[in-house]
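Colleague: Its first residue numbered 27, the sequence shown is counted upward by one per residue in my numbering.
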Amino acid sequence: MPRVRVVVVGAGVVGLSTAVCIAEALPQCSVTVLADRFSPYTTSDIAAGIIMGGAPLPDIAVERQRRWFKDTFDHLLAIAQSKEASEAGVLLTSGWQVFREVPSERKPFWADDVLGFRLMTEAELRRFPQHKFGQALTTVKCECPFYLPWLEKRFKRAGGVLKHGHVADLLELCHGYDVVVNCSGLAARALAGDSEVQAVRGQILRVHAPWLKHFIRDSDGHTYIYPGRDSVTIGGTRQEGDWRLAVDPRDTEGILERCHQLEPSLHGSVHLGELVGLRPGRACPRLERALLETQGRRVPVVHNYGHGGWGVSFSWGTALEALQLKERGMKGQSGERMRVTWTLVDAEHIGEEVRQQSLQQEKHILQLLQHPHQQVVLQNVPLGPLQGPFTWLPVRHTQHKRVTDKVT
Ligand SMILES: Cc1cc2nc3c(=O)[nH]c(=O)nc-3n(C[C@H](O)[C@H](O)[C@H](O)COP(=O)(O)OP(=O)(O)OC[C@H]3O[C@@H](n4cnc5c(N)ncnc54)[C@H](O)[C@@H]3O)c2cc1C
């Protein structure tokens, strides 16, 4: 059977996460990432990279947002606790989010998904005299200038191809590919004709201040201090409808003044650089399937863009959902269903990488099974944990079989 040709437009954190999920879960597809900018030149590379959420997004069920967040957090936490953490630029970080007024929701929807969420004590709040309320937590910082190249490597290992190129119109992809996945971020305004997408300008500074170990975030999202792998990111600005990419010295001044107030020791830091990025602002991300039609050919397109100020925090979760949407598109096209076989292997002789991949695949299958439209046939499912050096690996023998065939 010819391989299904998938093209993912975009090599930011959303595009690469989606491409990795598809390439690893569906080895019968050939997956290409097509983008006019790769790391370190994407908006994702500018992101401060803290994994948190804001207030719930409008028009999207909170459970769905929570799944996006939790899937991303769990995925990144596993990397932060692995030997890959430093190379991937994914690390655990603890700190405070402080509020000038007590918020109506004292515990955000993602509170149970991060580690050790609690309200700050009075003693902790004393160092923030302008703030009345605070939350303490341990989360992950995901530094895209390291994480994106790491994802690129993982994608290539799964057989994916990276291609440099500009797409003027998604329709031009209909003749070379069977499925299009649109992860073009802010550019979706033009590519998907979506005027809801708006630039939200953000300026940040990177400084050298290795003594800082705790993050501090003012809840309004304008001021933050996030210690990272080699530097501290301090910010920021949120300027809606502002498309300027040049550094604004007045913004630099404002950022320094606000951050010095929150963390006076920053006066001794060394300035490393300033960066500007345009967040792909939208009331909420667009994650849905549609159809491209040109010259008698109909090609499914999965849109996955518009993540605003939380694209890193939702990246893996929305990628997994895009994968499900894509699979539904493929089934409609080729009438396949999936057969998943569990295989008994000697646990001592599988590497950590295979084990991690299998865990991801198992999680993915469980998600597919929860979906009413998925046709998944399971074989040899283990009945319980085994004693001794053996373990079960799922999906290593995943096969796709046409619906018309009899699946035994
Ligand atoms: C200052 C700042 C701080 C931030 N801090 C955080 C944070 O702490 N936590 C968090 O979760 N998020 C944060 N964000 C938000 C986050 O950066 C974005 O939500 C995220 O990067 C969006 O990723 P993306 O992959 O959709 O878009 P992008 O990274 O912009 O990638 C878009 C891709 O599409 C490609 N593309 C676009 N148009 C075309 C075309 N026509 N042809 C070919 N390729 C095309 C581009 O080349 C690029 O590869 C921050 C953002 C900014 C600016």
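All residues carry an ideal CB built from backbone N, CA and C; glycine is no exception. All of these numbers come straight from a predicted model, not from anything done at the bench.
Which residues in the same chain have their Cβ closer than 7 Å to the Cβ of residue 177, if we skip the five residues on either side of it in sequence?
Modeller: What you label residue 177 is simply residue 151 of the sequence shown in a count that begins at 1. Taken in chain order, the residues that qualify are 42, 43 and 46.
Colleague: Identify whether residue 228 lies in helix, strand or coil by the three-state DSSP scheme.
Modeller: Here residue 228 refers to the residue found at position 202 of the sequence shown. Strand, per DSSP.
Colleague: With a threshold of 7 Å, establish whether the CB of residue 463 neighbours any heavy atom of ligand 1.
Modeller: No answer is possible for residue 463: the residues shown for the chain start at 27 and end at 434.
Colleague: Indicate, with yes or no, if ligand 1 has a heavy atom lying under 7 Å from the CB of residue 63.
Modeller: Translated into positions along the sequence shown, residue 63 becomes position 37. For ligand 1, at least one heavy atom lies less than 7 Å from the Cβ of residue 63.
Colleague: Could you give the distance in angstroms between the alpha-carbon of residue 132 and the alpha-carbon of residue 246?
Modeller: Reading the sequence shown from its first residue, position 106 is the one you call residue 132. Reading the sequence shown from its first residue, position 220 is the one you call residue 246. Computed Cα separation, rounded: 14 Å.
Colleague: Name, in chain order, the residues that DSSP records as bridge partners for residue 160.
Modeller: Here residue 160 is taken as the residue at index 134 of the sequence shown, counted from 1. Bridge partners of residue 160: 124.
Colleague: Taking Cβ positions, are residue 333 and residue 208 nearer each other than 8 Å?
Modeller: As a position in the sequence shown, residue 333 is number 307, starting the count at 1. As a position in the sequence shown, residue 208 is number 182, starting the count at 1. No, the pair does not count as a contact, with Cβ atoms beyond the cut-off.
Colleague: Please report the residue range of the alpha helix (DSSP H) in which residue 61 lies.
Modeller: Looking up residue 61 in the sequence shown gives position 35. No alpha helix (DSSP H) holds residue 61; the beta strand (DSSP E) holding it covers 55 to 61.
Colleague: Considering residue 145, what are the terminal residues of the beta strand (DSSP E) in which it resides?
Modeller: Stepping through the sequence shown from its first residue, residue 145 is reached at position 119. Residues 141 to 145.
Colleague: Report buried or exposed for residue 317, applying the criterion of at least 16 other Cβ atoms within 10 angstroms of its Cβ.
Modeller: In the sequence shown, counting from the first residue as 1, residue 317 sits at position 291. That one is exposed.
Colleague: What does DSSP give as the partner residue(s) for residue 119 in the beta ladder?
Modeller: Translated into positions along the sequence shown, residue 119 becomes position 93. Residue 119 pairs with 165.
Colleague: Please state the DSSP three-state secondary structure of residue 289.
Modeller: Along the sequence shown, read from residue 1 onward, the residue named residue 289 stands at position 263. In this structure, residue 289 counts as coil in the three-state DSSP scheme.
Colleague: Tell me whether the beta-carbon of residue 255 lies closer than 8 Å to the beta-carbon of residue 169.
Modeller: Against the sequence shown, residue 255 aligns to sequence position 229. Against the sequence shown, residue 169 aligns to sequence position 143. Yes, Cβ-Cβ distance for residue 255 and residue 169 is below 8 Å.
Colleague: What do you get for residue 412, buried or exposed, if any count of 16 or more other CB atoms within 10 angstroms of its CB means buried?
Modeller: Taking the sequence shown and counting its residues from 1, the one referred to as residue 412 is at position 386. In this prediction, residue 412 scores a pLDDT of 45, lower than 50, which makes its location untrustworthy; no coordinate-derived value is stated.
Colleague: Quick check on DSSP: helix, strand or coil for residue 68?
Modeller: As a first step, residue 68 must be located in the sequence shown, where it is residue number 42. Note: residue 68 maps to coil in three-state DSSP.
Colleague: With a cut-off of 8 Å, do at least 3 Cβ pairs link the region 115 to 125 to the region 251 to 265?
Modeller: The region 115 to 125, when compared against the region 251 to 265, does touch it at the 8 Å Cβ threshold.
Colleague: Give the secondary structure of residue 280 by DSSP, where H, G and I count as helix, E and B as strand, and everything else as coil.
Modeller: To locate residue 280, count along the sequence shown from 1; it is residue 254. Helix, per DSSP.
Colleague: Beta-carbon within less than 7 Å of residue 98's beta-carbon, same chain only, minus the 5 sequence neighbours each way: which residues are those?
Modeller: What you label residue 98 is simply residue 72 of the sequence shown in a count that begins at 1. Answer for residue 98: 77, 339, 340, 341, 342 and 343, listed in chain order.
Colleague: Would you report the Cα separation of residue 226 and residue 308, rounded to the nearest angstrom?
Modeller: Taking the sequence shown and counting its residues from 1, the one referred to as residue 226 is at position 200. Taking the sequence shown and counting its residues from 1, the one referred to as residue 308 is at position 282. Whole-angstrom Cα-Cα distance: 9 Å.
Colleague: State the DSSP-derived secondary structure class of residue 250, mapped to helix, strand or coil.
Modeller: Along the sequence shown, read from residue 1 onward, the residue named residue 250 stands at position 224. In the structure shown, residue 250 sits in a strand (DSSP, three-state: E or B).
Colleague: Could you give the residue range of the alpha helix (DSSP H) that holds residue 173?
Modeller: Taking the sequence shown and counting its residues from 1, one reaches residue 173 at position 147. Looking at the DSSP string, the run of the alpha helix (DSSP H) that includes residue 173 is 170 to 183.
Colleague: Measure how close the beta-carbons of residue 171 and residue 71 come, nearest whole angstrom, since I'm counting them as under 8 Å.
Modeller: Looking up residue 171 in the sequence shown gives position 145. Looking up residue 71 in the sequence shown gives position 45. About 5 Å separates the two Cβ atoms, so the contact holds.
Colleague: Tell me residue 306's beta-bridge partners as DSSP assigns them.
Modeller: Stepping through the sequence shown from its first residue, residue 306 is reached at position 280. DSSP lists 225 as partners of residue 306.
Colleague: For residue 228 and residue 280, what's the separation of their Cα atoms in angstroms?
Modeller: Taking the sequence shown and counting its residues from 1, one reaches residue 228 at position 202. Taking the sequence shown and counting its residues from 1, one reaches residue 280 at position 254. In a straight line, the C-alpha of residue 228 is about 13 Å away from that of residue 280.
Colleague: Does DSSP classify residue 316 as helix, strand or coil?
Modeller: To locate residue 316, count along the sequence shown from 1; it is residue 290. In the structure shown, residue 316 sits in a strand (DSSP, three-state: E or B).
Colleague: Comparing C-alpha positions only, which one of 274, 219, 101 and 183 sits nearest to residue 435?
Modeller: The structure shown has nothing for residue 435, since the chain only spans 27 to 434.
Colleague: Between the C-alpha atoms of residue 286 and residue 139, what's the straight-line distance to the nearest angstrom?
Modeller: To locate residue 286, count along the sequence shown from 1; it is residue 260. To locate residue 139, count along the sequence shown from 1; it is residue 113. Approximately 30 Å between the Cα atoms of the pair.
Colleague: Once you ignore the five residues that flank residue 73 on each side, which residues in its own chain have a CB closer than 6 Å to its CB?
Modeller: Here residue 73 refers to the residue found at position 47 of the sequence shown. Cβ neighbours of residue 73 beyond the five flanking positions: 170 and 338.
Colleague: Under 8 Å, do residue 331 and residue 211 count as touching if we go by C-beta distance?
Modeller: Counting from one through the sequence shown, the residue named residue 331 turns up at place 305. Counting from one through the sequence shown, the residue named residue 211 turns up at place 185. Going by C-beta atoms, residue 331 is nearer than 8 Å to residue 211.
Colleague: Would you tell me roughly how many angstroms separate the C-alpha atoms of residue 101 and residue 382, rounded to the nearest one?
Modeller: Position 75 of the sequence shown holds residue 101. Position 356 of the sequence shown holds residue 382. Rounded to whole angstroms, residue 101 to residue 382 spans 10 Å at the Cα level.
Colleague: Compute every distance between the C-beta of residue 112 and the non-hydrogen atoms of ligand 1, then say whether any falls below 7 Å.
Modeller: The residue labelled residue 112 in the question sits at position 86 within the sequence shown. Incorrect: residue 112 has no Cβ contact closer than 7 Å to ligand 1.
Colleague: For residue 298, is the beta carbon positioned less than 7 Å from some heavy atom of ligand 1?
Modeller: Reading the sequence shown from its first residue, position 272 is the one you call residue 298. Result no, Cβ not under 7 Å from ligand 1.
Colleague: Any idea if residue 191 is buried or exposed, counting beta-carbon neighbours within 10 angstroms, 16 or more meaning buried?
Modeller: Translated into positions along the sequence shown, residue 191 becomes position 165. Looking at its Cβ environment, which holds fewer than 16 other Cβ atoms inside 10 Å, residue 191 is exposed.
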